[in-house]
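Novice: Residues 67 to 230 (this note's numbering) are what the sequence shown spells out, left to right.
The structure's right below; bear with me while I get my questions together.
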Amino acid sequence: MNREHNEIDWLRLHEIIDQHCLEERWSLIPLIQEIQKENGYIPPRAIPVIAARLKVFPSVVQGVISFYAQLYTEPRGRNTIRVCRGTACHVRGGKTILKLVKQHLGIDEGETTEDLEYTLETVACIGVCALAPSMVINEQVYGRMNPKKVGQLLKRKEEDHDPA
Ligand code: FES
């Protein structure tokens, strides 16, 4: 699904390119990182523009973006939920936790909710195996998850964002 925002600030984008346009490839990564910081992701329509300015093929820019897991060409949710799929979590019900989070958000792993509130990812190990099964919402780790806690946690998050 292509959910690229229409409202790219092209003026700002060209300013960023100007700051990094040294016509040397080593400037490409900081340039891309800054565009992502500005937009929350790298708009695909920006890729040929960046490539033209740096005098490289768009595939070079796309290749760098694809190489780094932290670079995104789709809008991300304001919150990132990472459910652990490591062995310790798996044997303690991590699969069920992931299934419940997917059901609650109505998205699959790697996807973002339509309202751009959540992006769901899985990770190989969060590093708190003693607290399995575990998940992370943004920077906050939640351990010893169970179906009830998943429901409570996501409900609380929604209430935090409810403007009412
Ligand atoms: S396996 Fe899940 S935290 Fe290590």
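Beta carbons: idealized from backbone N, C-alpha and C, even for Gly.
Just so it is clear, the structure is predicted and the values come from calculations on it, not from any experiment.
#1: Just list the residues that DSSP pairs Gln206 with in beta bridges.
#2: For the beta strand (DSSP E) that Glu187 lies in, which residues bound it at each end?
#3: With DSSP as the reference, label Thr178 as helix, strand or coil.
#4: Find the nearest neighbour of Pro109 within the set Glu73, Val126, Asp84 and Cys191, judged by alpha-carbon distance.
#5: Below 6 Å, is the gap between the Cβ of Cys87 and the nearest heavy atom of ligand 1?
#6: As an exercise, report each continuous beta strand (DSSP E) stretch of at least 3 residues that is fully enclosed by the region 82 to 160, in chain order.
#7: I need the straight-line Cα distance from Gln102 to Tyr138, nearest angstrom please.
#8: With a CB to CB cut of under 8 Å and the five nearest residues on each side skipped, what residues in its chain are close to Leu164?
Specialist: With the given structure in hand:
#1: Ile203
#2: Tyr184 to Val189
#3: strand
#4: Glu73
#5: no
#6: 145 to 150
#7: 8 Å
#8: Val149, Arg151, Glu175 and Thr188
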